[in-house]
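Each step along the sequence shown adds one to the number in numbering that gives the first Met the number 0, with nothing skipped, and position 554 is 553. Note that CB positions come from ideal geometry on N, CA and C, so glycine has one too. Report on the structure given below.
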Amino acid sequence: MAYKPIEDYGMIGDMHSVALVGTDGSIDWLCLPRFDSPSVFCAILDDEKGGHFRIAPVERDVTCKQFYWPETNVLVTRFLAPEGAAELTDFMPVGAAATRHNHRQVLRRVSAVRGTTHFRLECRPAFNYARDPHEVTLTATGALFTSGQLHLALATSVPLRESAGAAMAEFTLHEGESAMFALRDGDDKTCGVCLSPEEGEALFQDTVEYWRRWIGQCRYTGRWREMVHRSALALKLLTYEPTGAIVAAPTCSLPEGVGGERNWDYRYTWIRDSAFTVYAFLRLGFTQEAERFMHFISTLCTAPKPDGSLQIMYGIDGRTELTEETLDHLDGYRGSKPVRVGNGAYSQLQLDIYGELLDSAYLFNKHGSPISYDMWLSLRALVDWVCDNWHRTDEGVWEVRGGQQHFVYSKLMCWVALDRGIRLAQRRSFPADLTRWHGVRDAIHDEIMTKGWSAERRVFVQHYGSNSLDAANLMMPLTFFISPTDPRMLATLDATLLSPERGGLVANSLVYRYNVLETNDGLRGEEGTFNICTFWLVEALTRAGKFQRGRLEEARQMFERMLGFGNHVGLYAEETGPRGEALGNFPQAFTHLALISAAFNLDRALGSGG
């Protein structure tokens with residue numbers, strides 16, 4: 000089985016885990032029972048050993064199309080062939096549909112829409128990232144896959160046969176006929192009952208109703224509504240229901256450059272994402288999701304490290320140990336090694352996270368619910384910690400592994416931490432050492448404007464002593480650190496908009512996070528443009544465009560061009576490659592958060608007549 004492009008996948012899930020389903024009907028990534036559990040299918044990381052669950056026509060002359068059932072996370076893959084047309088409907092039950100069972104389960108319903116279609120099924124698990132052996136037991140209701148730590152059951156009325164650790168079948172459906180397949184985890188060592196067509200239809204309807212009811216709460220009615228809704232639906236799938244945490248992405252080790260080593264595990268929750276998450280959910284009207292995520296973040300704040308600091312990321316259950324290891328037995332996506340699980344960056348110092356955390360608390364207090372006094376005590380302690388530590392070097396927002404620097408973005412977000420702390424204290428009359436906080440905030444501002452500014456290049460630079468650009472500095476006007484039309488900001492914008500060959504960061508309206516040839520990030524190889532940075536540039540142009548109309552039109556064109564780089568179902572990876580291909584872990588929560596923010600602010604700036 001050959002590797003598919005990363006963008007050739009749709010996503011289904013149940014707010015505990017997700018499955019990636021290819022346009023060819025193959026599930027090539029699934030971790031059970033949680034996002035961060037070892038995989039049971041990971042063909043996307045090794046097409047020979049990784050395991051997959053494929054249902055597809057036997058015929059070779061087949062056209063495949065894939066789309067979401069409107070306003071849902073139910074995925075439909077359509078197979079069109081001369082002999083007939085068929086549909087494969089994939090979903091994981093949620094809401095009322097999920098409460099009927101105690102399992103995490105993937106439901107797959109294949110139907111003959113026209114003519115006759117001959118299908119081949121292959122369910123080949125590879126437990127624990129293809130490290131654990133398993134046994135296959137066929138029963139009257141399907142097949143049971145038993146490994147040392149996990150059991151999977153495939154329940155179906157279609158007769159199965161065993162072949163080298165896989166359950167196989169070939170079957171034929173005539174027009175109007177359908178077949179159901181339920182893949183479940185569990186420890187009861189039985190396949191469970193097969194679903195009748197009526198039961199399958201009821202679960203489908205319940206799941207559709209859940210998603211339609213959920214997206215129906217969205218208050219956004221502006222331009223690009225469909226893409227905003229799809230981003231919101233994707234973010235909901237990336238939410239871990241028991242805690243409210245959001246994973247950065249549901250995958251690990253998908254490369255930022257094919258064949259390179261920039262391969263990381265993103266199945267954790269980053270403090271950095273907090274402000275973007277809260278802002279996006281609140282702007283769309285999803286107050287419950289924002290509140291649950293803030294509650295999760297607040298529990299982390301009450302248990303800082305002994306020195307009073309926070310980690311940059313945590314497990315979706317709040318755990319602190321995210322030890323990184325390499326899986327040398329896996330080839331990696333198209334030979335991109337090493338394959339990593341865990342993330343060693345959790346022990347890095349990244350000073351920017353405190354600004355994002357305080358900004359999220361400020362936004363939630365303003366647009367959601369008033370924060371509690373106990374929450375304030377935790378936040379106050381963190382602001383005091385920033386006062387004591389803002390002057391330190393760190394690894395920065397991009398988690399470089401080439402040594403610490405005085406990154407300008409880190410200093411910027413330390414300023415944000417002080418600024419939002421001051422605003423919260425004044426808005427709520429909370430006790431705080433405001434005299435000290437004002438002094439430190441002003442000192443950070445002055446230092447950025449002197450050491451973070453290159454008089455030679457007339458740009459804000461990546462770190463002190465550097466002459467290189469960094470797309471993270473586009474956040475300056477977005478955080479109200481500087482006016483969007485300040486000459487320094489406009490000069491930085493204009494420099495960023497140049498092509499890399501001319502010293503900028505933009506190629507075909509897509510933005511690189513920095514120039515890898517000028518930045519010692521401790522890694523080999525190249526990478527694509529960073530999708531979130533493109534949306535940041537859109538927002539920076541939007542804010543400047545309120546006063547310079549030409550920049551607003553430039554922002555709109557860049558945004559609408561960027562929409563064309565979403566995949567066939569509107570999902571984005573972390574990066575976009577030189578041929579428009581998706582790179583990095585997929586789908587990326589940060590990208591969809593930034594899309595929502597950019598759409599909201601651009602639509603508002605354009606107004607009703609824009």
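- Message: Please tell me whether Glu70 and Arg211 are closer than 8 Å, where the distance is taken between their beta carbons.
- Response: yes
- Message: Once the 5 residues before and after Glu538 are set aside, which same chain residues still bring their CB inside 7 Å of it?
- Response: Leu477, Ser596, Ala597 and Asn600
- Task: Check each candidate in His405, Ile421 and Met474 and name the one with the smallest Cα separation from Lys610.
- Result: Because the chain in this structure spans residues 0 to 609, residue 610 falls outside the shown range and cannot be described.
- Message: Between Gly114 and Glu82, how many whole angstroms is the CB-CB distance? I'm expecting something under 8 Å.
- Response: 5 Å
- Over the uninterrupted beta strand (DSSP E) stretch that includes Tyr278, give me the two end residues. Premise fails: Tyr278 lies in the alpha helix (DSSP H), Asp272 to Leu283, not in any beta strand (DSSP E).
- Task: Could you check the C-alpha separation between Asp89 and Leu106 for me, to the nearest Å?
- Result: 6 Å
- Query: Ends of the alpha helix (DSSP H) at Gln204?
  - Reply: Pro196 to Ile214
- Message: Assuming contact is defined by CB atoms lying nearer than 8 Å, are Leu309 and Ile352 in contact in what I supplied?
- Response: yes
- Message: I'd like the list of long-range same chain contacts for Trp375, defined as Cβ closer than 6 Å, with 5 residues on each side in sequence excluded.
- Response: Phe429
- Message: How far does the alpha helix (DSSP H) with Ile443 in it extend, from its first residue to its last?
- Response: Leu433 to Lys450
- Message: Leu551 and Leu605 - do their beta-carbons sit closer together than 8 Å?
- Response: yes
- For the alpha helix (DSSP H) containing Gly606, list its first residue and its last residue. Unbroken run through Gly606: none, as it is neither H nor E.
- Task: In the DSSP assignment, find the alpha helix (DSSP H) that holds Trp375 and state where it starts and stops.
- Result: Tyr372 to Asn388
- Query: Can you round the beta-carbon distance between Leu153 and Phe180 to whole angstroms, since I take them to be within the 8 Å contact cut?
  - Reply: 6 Å
- Message: On a Cα-Cα basis, can you pick out the residue from Asn364, Tyr408 and Leu417 that is closest to Trp384?
- Response: Leu417
- Query: So, are the CB atoms of Leu321 and Asn342 less than 8 Å apart?
  - Reply: yes
- With distances taken Cα to Cα, identify the nearest neighbour of Phe292 among Ala344, Pro158 and Tyr239. Tyr239
- Who are the Cβ neighbours of Ala178 in its own chain at under 6 Å, not counting the five residues just before and after it? Val109 and Val157
- Message: Can you tell me which residues form a DSSP beta bridge with Ser453?
- Response: Val458
- Buried/exposed call for Asn507, threshold 16 Cβ in 10 Å: exposed
- To the nearest whole angstrom, what separates the beta carbons of Thr206 and Val73, a pair I think is in contact under 8 Å? 6 Å
- C-alpha gap between Gly549 and Glu197, whole angstroms: 57 Å
- Close-in-space but distant-in-sequence residues of the same chain around Ala581 (CB under 8 Å, 5 per side omitted): Pro4, Ile5, Glu6, Asn566, Tyr571, Ala572, Glu574 and Thr575
- Query: From Pro486, Ile531 and Pro499, pick the residue whose C-alpha is nearest to that of Gln547; which is it?
  - Reply: Pro486
- Query: According to the neighbour-count rule (16 or more other Cβ atoms, all chains shown, within 10 Å of its Cβ), is Gly147 buried or exposed?
  - Reply: exposed
- Span of the beta strand (DSSP E) around Leu182: Ser177 to Gly185
- Message: Between Leu74 and the ligand COA, is there a pair consisting of the residue's CB and a ligand heavy atom that are separated by less than 7 Å?
- Response: Among the components of this structure there are no ligands whatsoever, and the ligand COA is therefore not found.
- Task: Tell me whether the beta-carbon of Gly284 lies closer than 8 Å to the beta-carbon of Cys217.
- Result: yes
- Could you tell me the distance, in whole angstroms, from the CA atom of Leu29 to the CA atom of Leu149? 13 Å
- Should Gly175 go down as buried or exposed, given a rule of 16 or more other Cβ atoms within 10 Å for buried? exposed
- So is Ser38 buried or exposed if we call it buried at 16+ other beta carbons inside 10 Å? buried
- Item | Closest by C-alpha distance to Thr541, when choosing among Glu288, Ala494, Leu489 and Arg333 | Leu489
- Message: Taking 8 Å as the threshold (C-beta atoms), are Leu516 and Val510 in contact?
- Response: no
- Task: Specify whether the stretch 251 to 259 and the stretch 272 to 279 touch according to this definition: at least 3 beta carbon pairs, one from each stretch, less than 8 Å apart.
- Result: no
- Message: Is the beta carbon of Leu348 closer than 8 Å to that of Asp393?
- Response: yes
- Please list, in chain order, all residues of the same chain as Trp269 whose beta carbon is under 6 Å from its beta carbon, the five residues on each side excluded. Ala247 and Met312
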